[in-house]
Amino acid sequence: MNLNSSKKRKLPLLKGDIILIASLCLLIVILFLCSFKGENEKLTAEIYFEGELIKTVALSECTGEEFTVGGCTLLLEKDSVSFTHSDCPDKLCIKRGKLKRKGDTMACVPEKVVAVIKSENKDDFHIATY
Amino acid sequence: MKTNKTAFLGIMAALALVLSFLESMLIPDIPFLPVGAKPGLSNVVTMYVATVMGFPGAICITVIKGIFALITRGATAAFMSLFGGVLSTALLCLVIKKRGKVFSFIGIGIICAAAHNVGQLMAALCVTGTYSLINYLKYLLIFSLITGSVTGFMLTVLMPRIEKITVKQNKEMSK
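Printed below as a string of structure tokens:
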């Protein structure tokens with residue numbers, strides 16, 4: 159009886175499943191590799207409202223000022239950006255906490271505000287060659 | 044027969060709504076998880092309905108979920124729910140015919156979850172108009188790999204038991 163039940167418990171994965179999982183993993187790894195190209199770069203925060211870039215700041219130069227756009231307020235600190243206030247109902251943007259690394263993105267979809275961390279690749283390269 | 048179908052869909056829709064409400068209460072905001080990502084327990088219901096009734100039933104559940112989101116969480120949430128739901132339901136119904144041959148429920152669950160997340164991300168792109176949101180895709184894909192497996196596994200376990208109870212009704216409904 160025991161043998162029988164343990165036989166049943168084997169995961170019923172089929173060929174398609176394994177191919178699917180493998181290809182998804184590969185895609186994820188590729189996406190991660192793309193965003194980790196070069197770490198110690200100068201980071202900038204870009205803030206978009208309704209699809210338009212309205213503010214770009216160098217993160218190393220921020221000193222804790224607040225920036226209000228749409229129904230959202232963002233706190234620009236040294237090396238991080240966070241949402242501190244939003245008029246939206248679910249407050250997901252606030253729960254996300256601080257954006258620190260390159261590629262970190264948070265959108266407050268109802269208020270159409272998006273914050274992205276980007277890096278200045280080329281500038282960094284020039285500095286490095288000096 | 045029509046009454047039977049309507050009642051069945053009603054029960055399933057209610058179940059889906061309760062599940063999606065429950066999971067929004069149960070899941071705490073863990074910092075490294077993608078914000079707003081949910082396990083998609085109600086996908087179990089959609090997948091079951093798609094297996095039993097095919098595309099029309101599954102799309103009914105999706106639309107009802109969208110309306111529920113509109114009432115409780117506003118227009119943006121409804122748009123995102125509908126966009127993700129319709130995309131995942133469409134893919135689900137394409138794939139469900141291959142069940143047992145190419146994909147098991149686990150593979151189908153992963154496809155469903157991934158399509159749902161990608162659809163929602165596309166909806167978010169449309170609403171905000173900011174393409175950098177694509178950065179978020181990798182986290183969502185990892186998450187959907189896990190949640191899809193979980194929902195798929197749940198259905199693998201549940202299906203034989205449900206079928207035992209409902210074989211008679213299913214036969215009548217598919218007439």
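Residue numbers (my numbering), protein chains in the order written: chain A, 159 to 288; chain B, 44 to 218. Think of the CB as a built atom: it goes at the ideal place given N, C-alpha and C, for glycine as much as any other residue. This one's a predicted model, so the numbers in the text were calculated from it and none came from an experiment.
Report all residues from its chain with a CB closer than 8 angstroms to the CB of residue i; omit the five preceding and five following residues, and keep chain order.
i	result
Ile107(B)	Ala56, Ala59, Leu60
Thr263(A)	Leu257, Val272, Ala273, Val274, Ile275
Ile110(B)	Ala121
Leu134(B)	Ile154, Cys155, Ala158
Ile205(B)	Tyr91
Glu235(A)	Cys220, Thr221, Gly222, Lys256
Ser181(A)	none
Val227(A)	Ile205, Phe207, Ile212, Lys213, Val271
Any idea what DSSP makes of residue i, helix, strand or coil?
i	result
Val200(B)	helix
Val145(B)	coil
Glu219(A)	helix
Glu269(A)	coil
Leu257(A)	strand
Leu232(A)	strand
Lys140(B)	coil
Lys276(A)	strand
Lys181(B)	helix
Leu188(B)	helix
Leu84(B)	coil
Lys189(A)	Note that residue 189(A) is Leu in the sequence shown here, rather than Lys. It is helical.
Leu130(B)	helix
Leu172(A)	coil
Determine, using beta carbons only, whether residue i comes closer than 8 angstroms to chain A.
i	result
Met123(B)	yes
Ser63(B)	no
Thr119(B)	yes
Ile154(B)	yes
Ala112(B)	no
Leu130(B)	no
Thr185(B)	For the record, residue 185(B) in the displayed sequence is Ile; it is not Thr. By this cut-off, Ile185(B) is an interface position.
Gly150(B)	yes
Asn178(B)	yes
Leu188(B)	yes
Ser85(B)	no
Thr49(B)	no
Phe146(B)	yes
Ala133(B)	no
Can you tell me where the alpha helix (DSSP H) holding residue i begins and where it ends?
i	result
Thr171(B)	148-171
Ser63(B)	45-69
Lys108(B)	98-116
Leu250(A)	250-253
Just reading off the beta strand (DSSP E) that residue i is part of, what are its end residues?
i	result
Ile205(A)	201-207
Ser244(A)	238-244
For residue i, collect the residues of the same chain with a Cβ closer than 6 angstroms to its Cβ; drop the 5 residues on either side in sequence, then sort them by chain order.
i	result
Leu198(B)	Val87, Met90, Phe148
Ala166(B)	Phe122, Met123, Phe126
Cys246(A)	Cys266, Pro268, Glu269
Cys251(A)	Phe241, Ser244, Met264, Cys266
Ser187(B)	Ala156, Ala157, Asn160
Consider the Cβ of residue i: report whether some Cβ of chain B lies at a distance smaller than 8 angstroms.
i	result
Ala216(A)	no
Asp245(A)	no
Val267(A)	yes
Thr242(A)	no
Asp248(A)	yes
Lys173(A)	yes
Glu270(A)	Note that residue 270(A) corresponds to Lys in the displayed sequence, not to Glu. Taking Cβ atoms only, chain B reaches closer than 8 angstroms to Lys270(A), which makes this a yes.
Val239(A)	no
Beta-carbon within less than 7 angstroms of residue i's beta-carbon, same chain only, minus the 5 sequence neighbours each way: which residues are those?
i	result
Leu164(B)	Leu176, Tyr179, Leu180, Leu183
*Residues of the region 192-204 of chain B with Cβ closer than 7 angstroms to any Cβ of chain A, in chain order*: Flagged, chain order: Thr199.
_Short of 8 angstroms Cβ to Cβ, which residues in the region 203-232 of chain A face chain B?_
Here the close residues are Glu204, Tyr206, Glu208, Gly209, Glu210.
*Taking a cut of 7 angstroms between CB atoms, which residues from the region 159-174 of chain B lie near chain A?*
Ala167, Val170, Thr171, Gly172, Thr173
*Where the region 90-106 of chain B meets chain A: residues whose CB sits under 8 angstroms from a CB there*: none
*Contacting positions in the region 175-193 of chain A - beta carbon closer than 8 angstroms to chain B*: Asp175, Leu178, Ile179, Leu182, Cys183, Leu185, Ile186, Leu189, Phe190, Ser193
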